[in-house]
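Sequential numbering from 4 applies to the sequence shown in our numbering.
C-beta atoms are modelled at their ideal positions from N, C-alpha and C, and glycine is treated no differently.
Bear in mind the structure is a predicted one, so any value in this text is a computation, not a measurement.
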Amino acid sequence: MYIMTTNIGKAHGKIILMGEHAVVYGEPSIALPFPAVEMIASVSAYEGPVRLDCSYYHGIADDMPEILQSLKKAIELALESLKQPYENLAINIESAIPPERGMGSSAAVAVAVTRAIYNYFNADLDHGRLMHMVNISEKIAHGNPSGLDALTTSSLSPVYYRKGADIIPFSLKMDAYLVVGDTGVTGQTKEAVQSIADRIEKEAQPISREKIALLGKLANHAKGFLERNEAKELGEAMNQAHLLLAELGVSNKELDNLVSAAREAGALGAKLTGGGRGGCMIALANNQSETEKIRLALLNAGAVTTWMTSLNQEEGL
């Protein structure tokens, strides 16, 4: 029997602006919070074992399928940290973050559920503790997470990240907008990462390594462009990055088609985002009217969904 006491927790998506794939080889990357898509978890009192309701599963949490084991871990960690028993809760999850699109859905659900459980028990949750628990659950989902998804899905700061170094938040005051287009094709991050590793191993000359280094340089430049409000230059860097990623074999015809459509509609730049071989692409627009023009062009070119966000934190991401 449900008792009408409910508390919620929220998280949002994330977008890799620059540096995907290159980050694997020690180059920098830039990730942005993406609040256009949200994850909302609600927790209610319930007599019996912990119950979960989401788009993937309805039932007892202990019987969740393998794909949700990282979520189960997040629930367990939150309850353990509060010294509460693993029972008498019903958890409902509503998500607008598409899975397997490089938008951080697994981290976002852990963030939202942890926040909801803490709110339910009226307990304070500092950000460091939240990050610690989410990163443990992310190890089940991704093996060796960078912490990037946990941070960007839980806060509104863009971040600059290099493997093995501290994640550096920075401010965003660019007078431009980002349009995101979903190909409708599930991204293939693992396969794309492996394909680049195979290329590097087989090459007699460091051609792919040089492309990776160039992607890192573009990510470094992009941080400066964002901080100096240089949208035209950022767009050019995005175009160069997409070309390099395509040459590395991690784009596909659907992504290339949407990138071309965005550029033809007036985008300052466009590229794939995330693991590639499906998933999403991003386009940079000068203003809101250009944003709408690009969004319609993407839909006409086959995008199944589009979103937009401002690149000026004062407007709200």
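query: Cβ-Cβ distance between residue 171 and residue 151 below 8 angstroms; result: no
query: Span separating the alpha-carbon of residue 7 from that of residue 175; result: Reliability of the predicted coordinates at residue 7 is poor, the pLDDT of 44 falling under 50, and no value is obtained from them.
query: Heavy atom of the ligand FAD within 7 angstroms of residue 165 beta-carbon; result: The model on display carries no ligand, and the ligand FAD is accordingly not part of it.
query: Within 8 angstroms, strictly: CB atoms of residue 275 and residue 177; result: no
query: Beta-carbon separation (whole angstroms), residue 124 vs residue 85, contact threshold 8 angstroms; result: 5 angstroms
query: Contact under 8 angstroms by Cβ, residue 324 with residue 156; result: A query on residue 324 cannot be resolved here, the shown segment of the chain reaching from 4 to 320 and no further.
query: Residue span of the beta strand (DSSP E) that contains residue 28, given as start and end; result: That residue, residue 28, is in no beta strand (DSSP E); it is neither H nor E in DSSP.
query: Nearest to residue 181 (by Cα), restricted to the options 13, 35, 31; result: 35
query: Cβ-based burial, residue 43 [other Cβ within 10 Å; buried from 16]; result: buried
query: Residue 131 in three-state terms, based on DSSP; result: helix
query: Top-ranked residue by Cα proximity to residue 250, from 297, 311, 195, 235; result: 195
query: Rounded C-alpha distance that separates residue 270 from residue 246; result: 16 angstroms
query: Buried versus exposed call for residue 5 [16 or more other C-beta atoms within 10 Å across all chains shown]; result: Its pLDDT being 39, under 50, residue 5 is placed unreliably by the model, and nothing is read from it.
query: Buried/exposed call for residue 193, threshold 16 Cβ in 10 Å; result: exposed
query: Per-residue burial, residue 75 [other beta carbons within 10 Å of its own, 16 or more giving buried]; result: buried
query: Nearest neighbour of residue 52, chosen from 94, 206, 25 [CA to CA]; result: 94
query: Distance CB(residue 110)-CB(residue 137) smaller than 8 angstroms; result: yes
query: Sufficient close CB pairs (3 or more, under 8 angstroms) joining the segment 207-217 to the segment 280-287; result: no
query: Nearest residue (CA-CA) to residue 164, options 309, 29, 10; result: 29
query: Alpha carbon of residue 77 to alpha carbon of residue 13, nearest angstrom; result: 14 angstroms
query: Chain D within 8 angstroms of residue 106, Cβ atoms only; result: Going by chain labels, chain D is absent from the structure shown, which holds only one protein chain.
query: Buried/exposed call for residue 61, threshold 16 Cβ in 10 Å; result: exposed
query: Rounded distance between the beta-carbons of residue 80 and residue 139, thought under 8 angstroms; result: 6 angstroms
query: Element boundaries [beta strand (DSSP E), containing residue 286]; result: 283-288
query: 8 angstroms Cβ cutoff met for residue 57 and residue 96; result: yes
query: Sequence ranges, beta strand (DSSP E) only - wholly within the segment 129-203, length at least 3; result: 162-164, 176-185
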